[in-house]
Amino acid sequence: MTKQAPHAPGLRWSERIYRMLLMVYPVWYRRPHGADLAEFFRDRYREEYARKGWWGVVGVWARSALDVVVSGLGERWRGRARTRGADHVLKENRVETLLQDIRYTFRGFRRRPGFAAVVVVTLALGIGANTAIFTVVNSVLLRPLPYRDAQQLMLVWGRMSSTDVTKAPWSGPDLLDFRERADAFDGLAGAFGINSTLTGDFEPEPVTMGMVTANFFDVLGVDPILGRGFALSDELNLDPQVFFDPNATLPPGVTMLSHEVWERRFGADSAIIGTSVQVNGQGMTIVGVAPEGFRFFLPADAAMPAVVDVWVVIPMDQSQGTRDQQGLAIVGRLEPGVEPVQAQTEMDAIAAQFRSENQFHANVGMEIDVVPMLRDVVGHVEPVLFALLGAVGFVLLIACANVANLLLIRAQARQREIAIRAALGGGRGRIVRQMLTESGVLALLGGGVGLFLAYAGIDLLIALKPENLPRIESVGIDGVVLVFVLGLSVLAAMLFGTLPALQSSRPDLNSSLKERAQGVSGHHRVRNALVVTEIAFSLILLIGSGLMVRSFAELQRVEPGFDSEGVLTLNVGLPFFKYNTPGSSTDLHLQIAREIKTLPGVDAVSAVTPLPLGGGGQFWFGPYALHEANDEEWSRNESDYRPSLPGLFEALGTRVLAGRGFTEADSRVGARSVVVVDEKMVETAWSGENPVGERVMIVRPSFGEAGFERYWAEVVGVVEHVRYDDVRFDGRETIYIPHSEWGWADLNYVVRASVDLTTLIEPIRQVVRNADPDIPAATPVPFNSFVDEALAPTRFALVLIAVFSGVALVLSSVGLYGVVSYSVRQRTQELAVRMAFGAGRDGIIRMVLRQGLVLTGIGAGVGIAGSLLLSRAVSTLLFGITPVDPVTYGTLTVMLGVVAMGACVVPAVRATRVEPVEALKAE
Amino acid sequence: MSATSDELGAVLPLKPNDYHILFALLDGERHGYWIAKEIRRQTVGQIHLEAGNLHRTIQKLIRQGLVEPTEKRPAPESDDERRRYYTITPLGRQAVAADAARMKDLVEAAQARNIIAVRKPG
Chain D
59 MTKQAPHAPG LRWSERIYRM LLMVYPVWYR RPHGADLAEF FRDRYREEYA
109 RKGWWGVVGV WARSALDVVV SGLGERWRGR ARTRGADHVL KENRVETLLQ
159 DIRYTFRGFR RRPGFAAVVV VTLALGIGAN TAIFTVVNSV LLRPLPYRDA
209 QQLMLVWGRM SSTDVTKAPW SGPDLLDFRE RADAFDGLAG AFGINSTLTG
259 DFEPEPVTMG MVTANFFDVL GVDPILGRGF ALSDELNLDP QVFFDPNATL
309 PPGVTMLSHE VWERRFGADS AIIGTSVQVN GQGMTIVGVA PEGFRFFLPA
359 DAAMPAVVDV WVVIPMDQSQ GTRDQQGLAI VGRLEPGVEP VQAQTEMDAI
409 AAQFRSENQF HANVGMEIDV VPMLRDVVGH VEPVLFALLG AVGFVLLIAC
459 ANVANLLLIR AQARQREIAI RAALGGGRGR IVRQMLTESG VLALLGGGVG
509 LFLAYAGIDL LIALKPENLP RIESVGIDGV VLVFVLGLSV LAAMLFGTLP
559 ALQSSRPDLN SSLKERAQGV SGHHRVRNAL VVTEIAFSLI LLIGSGLMVR
609 SFAELQRVEP GFDSEGVLTL NVGLPFFKYN TPGSSTDLHL QIAREIKTLP
659 GVDAVSAVTP LPLGGGGQFW FGPYALHEAN DEEWSRNESD YRPSLPGLFE
709 ALGTRVLAGR GFTEADSRVG ARSVVVVDEK MVETAWSGEN PVGERVMIVR
759 PSFGEAGFER YWAEVVGVVE HVRYDDVRFD GRETIYIPHS EWGWADLNYV
809 VRASVDLTTL IEPIRQVVRN ADPDIPAATP VPFNSFVDEA LAPTRFALVL
859 IAVFSGVALV LSSVGLYGVV SYSVRQRTQE LAVRMAFGAG RDGIIRMVLR
909 QGLVLTGIGA GVGIAGSLLL SRAVSTLLFG ITPVDPVTYG TLTVMLGVVA
959 MGACVVPAVR ATRVEPVEAL KAE
Chain B
3 MSATSDELGA VLPLKPNDYH ILFALLDGER HGYWIAKEIR RQTVGQIHLE
53 AGNLHRTIQK LIRQGLVEPT EKRPAPESDD ERRRYYTITP LGRQAVAADA
103 ARMKDLVEAA QARNIIAVRK PG
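In the order they appear, the protein sequences are chains D and B. Sequential numbering from 59 applies to the first sequence in the working numbering. Sequential numbering from 3 applies to the second sequence in the working numbering.
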């Protein structure tokens with residue numbers, strides 16, 4: 059029996075191309091070892107494809123191509139050195155020749171500085187754009203995460219097959235079971251984050267707190283830069299009842315500060331180790347400081363703030379609690395030598411055990427996903443970056459085609475010079491080498507300038523604030539990027555230099571030496587083909603950017619269910635340990651809202667959590683049931699929960715469709731339990747019937763103890779649906795609940811005003827400070843900024859692709875102009891004859907334009923076909939239109955045609971200025 | 003059979019890549035990609051040999067008599083492709099051993115000077 063080699067699409071073609079690339083090696087090396095090299099390539103291709111998909115293939119190609127060029131040229135060099143090595147004179151001669159060629163090249167540039175400048179700038183645009191985008195790709199997607207042996211780190215998520223919930227966190231008992239049963243992992247740690255308050259002998263400060271198991275930093279392989287990490291003995295293992303008991307005093311814990319807090323709050327003082335602070339009212343000893351920039355990277359939609367200020371060991375006993383109290387994001391380190399797929403297989407078996415052991419896991423159909431951490435963190439930006447990389451690749455190809463065209467034209471102009479050199483005994487190889495040297499020098503100059511452009515461009519990229527790009531802070535040029543630039547320059551030189559060099563090294567001595575040689579028709583064909591390619595690529599880019607523009611317009615047309623204009627927002631979290639009796643926090647919030655309402659210019663005030671588009675929405679959901687709860691219905695129905703204050707819909711600008719919103723009376727402790735639902739909920743739960751007056755069963759936290767309790771609430775109103783998470787997606791059915799039922803929830807104030815919002819910022823902060831100086835001081839933010847942020851990813855891709863397609867259009871029309879005007883010059887005599895025989899101006903113009911339009915037409919055809927083929931790749935970036943949107947295709951093809959016409963008009967008009975007598979006399 | 007000290011002296015000390023390739027071959031005959039992967043694993047990703055570099059180094063080791071191509075296969079049924087396998091020669095084994103001993107001396111010297119920590123058992 060033979061083992062079936064794993065299937066890897068594209069391998070056959072890739073191997074064929076790789077074998078062609080091996081021509082770089084000298085034949086005496088290639089013949090005995092070529093098969094081995096190809097075998098290596100094959101093995102690696104299969105494995106990388108299996109591991110990383112098409113990104114793996116890109117990586118294999120990048121490395122292999124560079125390797126072949128470097129090693130192949132190295133072998134050639136060594137081979138020469140070996141066979142003729144003894145002859146020092148020859149070797150020196152070769153270096154001498156190269157220097158001579160380079161000197162000759164620069165002499166040429168000095169003679170025609172315009173030509174060299176145009177070529178270098180063209181290449182710099184292409185290489186610079188590629189370098190900038192590759193730098194982002196490298197920093198975001200390719201570099202390993204900043205942990206020890208980061209490729210061994212996996213995130214472990216729950217997937218509930220009955221509700222489509224993915225990336226579900228886990229409960230404490232789940233984590234303990236994983237540790238006990240999963241052999242594939244060397245260690246498993248859990249973490250979650252909450253907002254809290256840091257107090258000490260300074261103004262209370264709102265901080266994000268990372269609650270972690272004691273082994274968290276060990277699993278990640280991160281050591282504190284000061285003090286110690288957490289130890290198992292730091293786990294307090296408190297009974298959750300004690301933790302939630304308002305009257306209990308908690309034993310002191312330990313905390314590790316982030317580098318940022320250590321610098322900002324403690325002036326980077328190393329003496330703070332061992333001193334005490336209060337986090338959320340609990341005394342904590344500072345034991346360590348995390349390294350600068352340390353982050354626990356999670357996918358953007360996971361239950362953890364991106365930046366954590368203080369790290370604390372989870373004080374509750376993990377074995378207590380129930381399976382449905384899911385809060386822990388789990389990261390695991392694989393045992394050395396264990397592959398992710400083995401861990402997944404093991405976890406699949408554990409998931410089956412879970413379903414048979416625990417009612418909750420059985421109800422939701424719990425599955426376990428083991429995902430490599432890097433892929434999970436950055437995977438969602440792959441499509442955008444892939445599209446951008448493709449776009450800049452096209453720009454470079456267009457630039458190369460343009461340069462090849464210029465070189466071809468110039469080679470023709472130099473035909474006589476080359477012919478003379480050939481006639482004087484300059485060998486073909488020598489001439490080709492000289493021209494290749496010229497291309498190489500041009501490419502390296504272009505690469506150098508391109509690197510500078512990229513350097514400036516990256517700052518611009520970051521200024522565009524692609525908020526959804528993880529690790530954007532680490533984007534920068536490094537060794538990998540420099541190698542990339544060098545490789546790209548060499549590749550570009552091969553692309554644009556080979557053709558002209560080969561073409562012009564076969565001069566027909568006879569005709570070239572004649573005074574007025576006509577162009578060889580082969581050159582025309584090559585140049586025409588190049589221009590057609592340029593136009594095709596430009597159109598693909600134009601259509602791509604057109605689709606993005608249309609998507610963006612569609613996106614802004616979406617009605618999200620609220621009106622963000624003229625609204626200021628403010629997050630207010632009350633210190634948990636101070637406001638832990640029922641009603642106490644709601645009373646304070648109501649008081650704050652009333653006082654903000656009295657400020658001049660304020661029209662409406664309320665508060666809700668989470669804020670639409672403010673993030674964190676996915677953690678505020680819960681079950682509901684319409685009948686006496688049966689577990690099956692209970693676990694199937696999930697909806698978004700939105701704790702809120704009275705007057706919310708007026709402040710948000712959300713329409714009330716039936717019944718009423720909340721009043722202050724609804725928020726009183728002991729009031730009848732009520733809810734407001736949205737139209738989506740009405741569709742799902744009541745099939746569109748007006749539910750006002752109906753009952754629905756939901757849950758609320760039970761005060762003073764861990765866990766939740768179910769209760770019945772009466773529907774008093776129906777409102778328009780609000781897109782909370784993402785303007786692109788409709789989202790889930792929503793239940794609004796008076797804040798008094800969820801007393802400990804933070805609230806986001808929504809202040810609608812008819813005055814300049816900036817004048818309200820300080821008064822609002824003053825209101826909050828007056829209410830309780832212990833409330834962390836957050837700054838009011840215009841609601842619009844969240845909306846802008848939500849549109850940022852689309853805008854980022856849009857702006858870049860638009861810029862690239864603009865560059866592409868300019869480059870390709872310059873190319874078209876060059877080809878048409880050159881052929882006009884070549885055909886001067888023919889045109890003169892035609893005019894001498896009575897051809898009119900219009901006829902001549904039409905004839906020249908026709909030539910340009912035929913090329914444009916063919917290019918546009920190829921471009922449309924290419925766009926249709928590639929449209930699937932960008933479909934995830936689009937919104938509200940199909941990737942084959944006919945309006946976009948049509949409009950941009952016409953636009954391209956107009957620009958192309960423009961590029962041909964100048965040479966066409968020039969053609970009519972031919973003086974027949976002069977032109978014919980010259981012959 | 004034992005190599006003369008001259009033969010060994012000519013190849014010692016081994017370059018890091020040479021050492022890792024020989025080390026990877028200690029357990030039997032292997033093919034090129036496997037060797038590269040094994041080295042990457044052993045060095046926790048620090049040494050990443052590309053095809054060209056690997057084959058050139060192997061050719062050099064063959065010329066030095068430390069490695070030889072072999073027709074033997076570790077487990078013929080697990081492999082359906084005609085790959086080229088390599089095996090380590092007795093001289094190669096001696097070179098690895100000699101080089102490892104040399105590095106051990108270096109490590110001990112460094113420990114004696116308190117440059118690196120001595121790992122305590124457990």
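From the three backbone atoms N, C-alpha and C, an ideal C-beta is built for every residue, glycine too.
Subject >> Nearest candidate by alpha-carbon position, reference residue 941 of chain D, set D/957, D/955, D/924 and D/954 >> reply: Considering only alpha carbons, the answer is D/924.
**OP:** Go ahead and label residue 79 of chain B buried or exposed: buried means 16 or more other beta carbons lie within 10 angstroms of its beta carbon, across all protein chains shown.
**Re:** The predicted model places residue 79 of chain B with a pLDDT of 48, which falls under 50 and marks its position as unreliable; any figure quoted below should be read in that light. Result: exposed.
Original post:
Which residue's Cα is closest to the Cα of residue 86 of chain B: B/44, B/61 and B/8?
Top reply: Taking the Cα of residue 86 of chain B as reference, the smallest distance to any Cα among B/44, B/61 and B/8 is reached at B/61.
**OP:** Please list, in chain order, all residues of the same chain as residue 838 of chain D whose beta carbon is under 6 angstroms from its beta carbon, the five residues on each side excluded.
**Re:** Residues of the same chain with a CB within less than 6 angstroms of the CB of residue 838 of chain D, apart from the 5 flanking positions on each side, are 626, 628, 819 and 822 in chain order.
**OP:** Use the C-beta contact count for residue 696 of chain D: other C-beta atoms within 10 angstroms, 16 or more gives buried, fewer gives exposed.
**Re:** Under the 10 Å beta carbon count, residue 696 of chain D is surrounded by 16 or more other beta carbons and is classified as buried.
**OP:** Could you pull out every residue in the same chain whose Cβ sits closer than 8 angstroms to the Cβ of residue 899 of chain D, ignoring the five residues on either side in sequence?
**Re:** Excluding positions up to five away in sequence, the list reads 970.
Subject >> 4-residue-minimum alpha helix (DSSP H) runs that sit fully inside the region 215-285 of chain D, ordered along the chain >> reply: The alpha helix (DSSP H) runs of length 4 or more contained entirely in the region 215-285 of chain D are, from start to end of the chain, 230-239 and 274-278.
Subject >> Stretch pair the region 929-948 of chain D + the region 603-623 of chain D: three plus CB contacts closer than 8 angstroms >> reply: A contact exists between the region 929-948 of chain D and the region 603-623 of chain D.
Original post:
Between the C-alpha atoms of residue 95 of chain B and residue 67 of chain B, what's the straight-line distance to the nearest angstrom?
Top reply: Between residue 95 of chain B and residue 67 of chain B, the C-alpha separation is close to 11 angstroms.
Original post:
Taking the beta strand (DSSP E) that residue 49 of chain B falls in, what are its first and last residues?
Top reply: No beta strand (DSSP E) holds residue 49 of chain B; DSSP gives it neither H nor E.
Original post:
Are the region 526-545 of chain D and the region 342-361 of chain D touching by the rule of at least three beta carbon pairs closer than 8 angstroms?
Top reply: These segments touch.
Subject >> residue 31 of chain B CB to nearest heavy atom of the ligand COA below 7 angstroms >> reply: Because no ligand of any kind appears in the structure shown, any question about the ligand COA cannot be addressed here.
**OP:** Would you please verify whether the beta carbon of residue 55 of chain B is less than 8 angstroms from any beta carbon of chain D?
**Re:** Residue 55 of chain B counts as touching chain D.
**OP:** Identify the contact partners of residue 666 of chain D in chain B, using a Cβ-Cβ distance below 9 angstroms as the criterion.
**Re:** Going along chain B, no residue has its Cβ under 9 angstroms from residue 666 of chain D, so there is no contact; the nearest lies around 48 angstroms.
Subject >> For residue 821 of chain D, the first and last residue of its enclosing beta strand (DSSP E) >> reply: Here residue 821 of chain D belongs to no beta strand (DSSP E); instead the alpha helix (DSSP H) covers 816-829.
Original post:
Hey, quick one: how far does the alpha helix (DSSP H) through residue 440 of chain D stretch, first residue to last?
Top reply: Judged by DSSP secondary structure, residue 440 of chain D falls within the alpha helix (DSSP H) whose first and last residues are 440-471.
**OP:** Could you confirm whether any beta carbon from chain B is found closer than 8 angstroms to the beta carbon of residue 102 of chain D?
**Re:** So, interface residue.
Original post:
If we ignore side chains and look at the alpha-carbon of each, how far apart do residue 93 of chain D and residue 77 of chain D end up?
Top reply: Residue 93 of chain D and residue 77 of chain D have their alpha carbons spaced roughly 9 angstroms apart.
Subject >> beta strand (DSSP E) segments (min. 3 residues) lying fully within the region 321-383 of chain D >> reply: Correct list: 334-337, 340-347 and 368-371.
Original post:
Who are the near neighbours of residue 516 of chain D in its chain, counting only those whose CB is closer than 7 angstroms to its CB and skipping five residues on each side?
Top reply: Within the same chain, Cβ atoms closer than 7 angstroms to the Cβ of residue 516 of chain D are found at 190, 193 and 533, the five residues on either side in sequence being excluded.
Original post:
In this structure, does DSSP put residue 533 of chain D in helix, strand or coil?
Top reply: Coil.
Subject >> Any chain D beta carbon closer than 8 angstroms to residue 46 of chain B >> reply: Closer than 8 angstroms to some Cβ of chain D, the Cβ of residue 46 of chain B qualifies, so yes.
**OP:** Pull out every residue of the region 91-115 of chain D whose Cβ sits closer than 7 angstroms to any Cβ of chain B, in chain order.
**Re:** So the list reads 91, 94, 95, 97, 98, 99, 101 and 102, given in the order they occur along the chain.
**OP:** State yes or no: is the beta carbon of residue 40 of chain B nearer than 8 angstroms to at least one beta carbon in chain D?
**Re:** Judged by the 8 angstroms Cβ criterion, residue 40 of chain B is not in contact with chain D.
Original post:
In the structure shown, what three-state DSSP assignment does residue 766 of chain D receive?
Top reply: In this structure, DSSP gives residue 766 of chain D an extended state, which the three-state scheme calls strand.
Original post:
When the Cα atoms are used, what is the spatial distance from residue 374 of chain D to residue 196 of chain D?
Top reply: C-alpha separation (whole angstroms): 40 angstroms.
Original post:
Where does residue 697 of chain D fall in DSSP's three states?
Top reply: Reduced to three states, the DSSP call for residue 697 of chain D is strand.
**OP:** Spatial neighbours of residue 372 of chain D within its chain, please: CB distance less than 7 angstroms, with the 5 preceding and 5 following residues excluded, ordered by chain position.
**Re:** Listed in chain order, the non-local C-beta contacts of residue 372 of chain D below 7 angstroms within the same chain comprise 269, 270 and 271, local neighbours out to five positions each way being set aside.
Subject >> 8 angstroms contact criterion, which residue 667 of chain D and residue 806 of chain D should meet: CB distance rounded >> reply: Yes, they are in contact, since the Cβ atoms of residue 667 of chain D and residue 806 of chain D sit about 6 angstroms apart, within 8 angstroms.
Original post:
For the 8 angstroms Cβ check, are there 3 or more pairs between the region 17-33 of chain B and the region 108-118 of chain B?
Top reply: Output reads no: the region 108-118 of chain B does not touch the region 17-33 of chain B.
Subject >> Pair within 8 angstroms by beta-carbon distance, residue 218 of chain D and residue 422 of chain D >> reply: Cβ atoms of residue 218 of chain D and residue 422 of chain D: closer than 8 angstroms.
Subject >> Selection from D/257, D/600 and D/719 that minimises the alpha carbon distance to residue 954 of chain D >> reply: Each of D/257, D/600 and D/719 was checked against the Cα of residue 954 of chain D, and the nearest Cα belongs to D/600.
Original post:
Is the CB-CB distance between residue 778 of chain D and residue 731 of chain D below 8 angstroms?
Top reply: Taking a C-beta distance under 8 angstroms as the contact criterion, residue 778 of chain D and residue 731 of chain D do not qualify as a contact pair.
Original post:
Just the Cα atoms here: how many angstroms apart are residue 757 of chain D and residue 733 of chain D?
Top reply: If I take the Cα positions, the gap works out to 12 angstroms.
Original post:
Of the residues D/512, D/496, D/347 and D/584, which one's Cα is nearest the Cα of residue 550 of chain D?
Top reply: Ranking D/512, D/496, D/347 and D/584 by Cα distance to residue 550 of chain D puts D/496 first.
**OP:** With residue 893 of chain D as the anchor, note down where its alpha helix (DSSP H) starts and where it stops.
**Re:** Where residue 893 of chain D is concerned, the enclosing alpha helix (DSSP H) stretches over 886-894.
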